[in-house]
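Number of protein chains: 2
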Amino acid sequence: MRAPATVSSLTEADLIARVRARLPPPPAWMIVGIGDDAAVVEPERNRLEVLSVDALVEGIHFDRAFTPPEAIGHRALAANLSDLAAMGADARLALLSLGLPETFPVADFDALIDGLAALAARHRLHVAGGNLTRSPGPLIVDVTVVGTVKRRRALLRGGARAGDELYVSGTIGAAAAGLQMLKASVSSVVEPCVSRYLYPEPRVRLGSILGRTRAATACMDLSDGLADAVRQVADASGVGAIIEAAELPIEPEARRWFESRGADPVHEAMVGGDDYELLVAVRPRSRGRLAAAQRHGGVALTRIGVCTAGGGVPGVIVRRNGGLEPMPRGYTHFR
Amino acid sequence: MRAPATVSSLTEADLIARVRARLPPPPAWMIVGIGDDAAVVEPERNRLEVLSVDALVEGIHFDRAFTPPEAIGHRALAANLSDLAAMGADARLALLSLGLPETFPVADFDALIDGLAALAARHRLHVAGGNLTRSPGPLIVDVTVVGTVKRRRALLRGGARAGDELYVSGTIGAAAAGLQMLKASVSSVVEPCVSRYLYPEPRVRLGSILGRTRAATACMDLSDGLADAVRQVADASGVGAIIEAAELPIEPEARRWFESRGADPVHEAMVGGDDYELLVAVRPRSRGRLAAAQRHGGVALTRIGVCTAGGGVPGVIVRRNGGLEPMPRGYTHFR
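Line order of the protein sequences matches chains A and B. Residues in the first sequence are numbered from 64 upward in steps of one, following our numbering. Residues in the second sequence are numbered from 64 upward in steps of one, following our numbering.
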């Protein structure tokens, strides 16, 4: 039996050719795409540009033992698309920077690109260029995306005021439960949560509508969990927040999973990351616009709390069973 | 004695605050900078956008044992600025994605940002955002840059024709010699080459002038060495090339170093990477424009050969001591 071919058996030009073969033809606005020193593009008229970068590093953000290469490619782009969604922006192009271990199989390389390309195509985003290098250890997938938004339509973190209601899209806790299931090797038992972890759907359409219709005063994605997002929006806006534990749209399968492990579903769903849903602050009088955004955005929005006048300690709290608790700390990348 | 503080003793917000403190105030066109889900910028009117990404990975592109953190930050941005220079573009903004080992000292983090920020300031480039994450091993510095160029002024790799003359900016071989000196721990002996390796000066001004004046038909930077660049420009343009070994502007200190090690200076200077000079193809009738570009670009240009009709094998050759040799293969990232 022959060992599978690894990327170290190919030249950089070979690998670039494999990437190109997996992408659709470039659009007319992409004047120079993959293959020169840099990409050259025609900017979109009368729009602002929105730029974001996010990296997935093996051993920190994913484990190749239970994350298929298609999912690694999908998740790397999804994290960035979610950032664009949180700004109310439409996706336009991506740059893909890969650090490849020498032993990385060529078939996995192809599958990673396929996973990314499939998500890109669904959001009409084009890969304009990138960089390939060897890595001394971990697989590194660093993606930069550029989107566009109309003037004065970008959704910022800092626009919430006291009295604004807080909504969250979709359900939460699913990705965190899915990751635990994968780690416990029981992934076949409860499929939906695993699929939410491996193939999250960034809320690009909802974000774009929220921006266009000015339905939201502030927005942020839940990449690092709901607790982190509420805190960041509150801090940036100079407000406090009360979250109603009973209102949280916890994914039912995730709730059952957490309970079966003896864990608190509310806590797990608030601190668990990777859901890529949106947290949205809305003036009470904009509820009608929000309902319209929900209809066209293809995902439910659930009211989970309200912004309060800032300055109190603790500023961000959770109401549960009639009592008040400080919002737990979410995932932090460092300390 | 207390151990130096490491990045794992700080929160992500602390680290972001340290980055912001090291950067100048954002320009008016940067509507949202560091701190939201994504950056928002006003595009430059009547210009095309030029985008590039390049990663430096510890153990592949640098060794922390002899590369100070300032130089790591400088080199990560220089590699990208050199790509913009090779397109004839003016630098505008950068996104900075860092993967940090837990043991990375905070002082080194600050110094890395300082090194990058100093080079950015010299090229009037602004850091618009980025991403911080932990790394399970290597330090990872992934930089995306966006520049601009006028319509029909971008310098591509594929525009050279048979009869075009090939020029290279500055001197070559210096960075490769400097790296060897650092590895041999004799860096104090011959300073200029070491400084060229640690703090390369991307030829942004020269590239911009070459694009504006249409002096060049093709351009590429020497990040992977002269041999690689000549081959890539020839392949993309469908031409061959003859390089005159005797004309190569080999850095004198580097030549002495290679000779003292019993190595062939011509070979070493052609395959050595990291010089970040520009290879430029020029029609003979554009020599006058090239001379003007040289005067204003602040760096000498040396004629090193000529493009020939393509199709011959070998297509890219070196004339030396009256004989012809195939161009050596340069550095490859994979095989």
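All C-beta atoms, glycine included, are put in the ideal place defined by N, C-alpha and C.
Tell me the rounded alpha-carbon separation between residue i and residue j.
i	j	result
residue 189 of chain B	residue 302 of chain A	30 Å
residue 195 of chain B	residue 206 of chain A	13 Å
residue 385 of chain B	residue 307 of chain B	10 Å
residue 159 of chain B	residue 89 of chain B	15 Å
residue 222 of chain B	residue 281 of chain B	5 Å
residue 332 of chain A	residue 336 of chain B	50 Å
residue 101 of chain A	residue 155 of chain A	17 Å
residue 313 of chain A	residue 319 of chain A	10 Å
residue 119 of chain B	residue 237 of chain A	35 Å
residue 315 of chain A	residue 341 of chain A	19 Å
residue 103 of chain B	residue 92 of chain B	9 Å
residue 389 of chain B	residue 382 of chain B	9 Å
residue 83 of chain A	residue 287 of chain B	21 Å
residue 255 of chain A	residue 317 of chain A	9 Å
residue 71 of chain B	residue 78 of chain B	10 Å
residue 197 of chain B	residue 75 of chain B	10 Å
residue 213 of chain B	residue 80 of chain B	35 Å
residue 202 of chain A	residue 231 of chain B	35 Å
residue 334 of chain A	residue 96 of chain A	40 Å
residue 379 of chain B	residue 344 of chain B	14 Å
Residues bridged to residue i by DSSP?
i	result
residue 203 of chain A	A:120, A:162
residue 176 of chain B	In the DSSP output, where bridge partners are listed per residue, residue 176 of chain B has none listed.
residue 307 of chain B	B:382
residue 112 of chain B	A:104, B:211
residue 389 of chain A	A:380
residue 370 of chain B	B:304
residue 190 of chain B	B:157
residue 79 of chain B	Answer is none; residue 79 of chain B lacks a bridge partner.
residue 282 of chain B	B:343
residue 399 of chain A	With chain A represented from 64 up to 398, any question about residue 399 of chain A goes unanswered, as that position is not in the structure.
residue 69 of chain B	B:168
Drop a sphere of 10 angstroms on the beta-carbon of residue i, count the other beta-carbons inside from all chains shown, and report buried for 16 or more, exposed for fewer.
i	result
residue 121 of chain B	buried
residue 399 of chain A	Lying outside 64 to 398, the shown extent of chain A, residue 399 of chain A is not represented and no answer is given.
residue 387 of chain A	exposed
residue 145 of chain B	buried
residue 248 of chain B	exposed
residue 85 of chain B	buried
residue 351 of chain A	exposed
residue 165 of chain A	exposed
residue 322 of chain A	exposed
residue 290 of chain A	buried
residue 185 of chain B	exposed
residue 368 of chain B	buried
residue 133 of chain B	buried
residue 106 of chain B	buried
residue 325 of chain B	exposed
residue 142 of chain B	buried
Measuring alpha carbon to alpha carbon, tell me which residue in the options is nearest residue i.
i	options	result
residue 259 of chain A	A:370, A:231, A:339	A:339
residue 299 of chain B	B:156, B:84, B:224	B:224
residue 123 of chain B	A:104, A:143, A:177, A:200	A:200
residue 362 of chain A	A:294, A:233, A:92, A:352	A:233
residue 242 of chain A	A:193, A:279, A:126	A:126
residue 359 of chain B	B:323, B:367, B:271	B:271
residue 310 of chain A	A:323, A:328, A:279, A:95	A:328
residue 162 of chain B	A:117, A:267, A:357	A:117
residue 167 of chain A	A:107, A:128, A:235	A:128
residue 130 of chain B	B:261, B:365, B:296	B:261
residue 297 of chain A	A:371, A:324, A:286	A:371
residue 349 of chain B	B:211, B:147, B:135, B:276	B:276
residue 204 of chain B	B:138, B:82, B:287	B:138
residue 170 of chain A	A:73, A:113, A:324	A:73
residue 218 of chain A	A:269, A:245, A:180	A:269
residue 113 of chain B	B:209, B:192, B:135	B:209
residue 426 of chain A	A:87, A:379, A:378, A:380	Nothing can be reported for residue 426 of chain A: it is not among the residues displayed for chain A, which extend from 64 to 398.
Any heavy atom of the ligand GDP closer than 7 Å to the Cβ of residue i?
i	result
residue 333 of chain A	The ligand GDP is absent from the structure shown, which contains no ligand whatsoever.
May I ask you to list, following chain order, the residues of the segment 175 to 208 of chain B that have a beta carbon less than 7 Å from some beta carbon of chain A? 191, 192, 193, 194, 195, 196, 197, 198, 199, 200, 201, 203, 205, 207
Closer than 7 Å, Cβ to any Cβ of chain A: which residues of the segment 106 to 119 of chain B, in chain order? 106, 111, 112, 113, 114, 115, 116, 117, 118
Please name the residues in the segment 310 to 344 of chain B whose beta-carbon is closer than 8 Å to at least one beta-carbon of chain A, in chain order. none
For the segment 219 to 247 of chain B, which residues have a beta carbon sitting closer than 7 Å to at least one beta carbon of chain A? 219, 220
Along the segment 79 to 106 of chain B, where does the CB come closer than 7 Å to a CB of chain A? Name the residues. 94, 95, 99, 100, 101, 102, 103, 104, 105, 106
Contacting positions in the segment 145 to 165 of chain A - beta carbon closer than 9 Å to chain B: 145, 146, 147, 148, 149, 150, 152, 156, 158, 159, 160, 161, 162, 163, 165
May I ask you to list, following chain order, the residues of the segment 282 to 297 of chain B that have a beta carbon less than 7 Å from some beta carbon of chain A? 283, 284
Please identify, using Cβ separations under 8 Å, the residues of the segment 123 to 137 of chain B that lie next to chain A, in order along the chain. 123, 124
Could you list the residues in the segment 352 to 374 of chain A with a C-beta less than 8 Å from some C-beta on chain B, going in chain order? none
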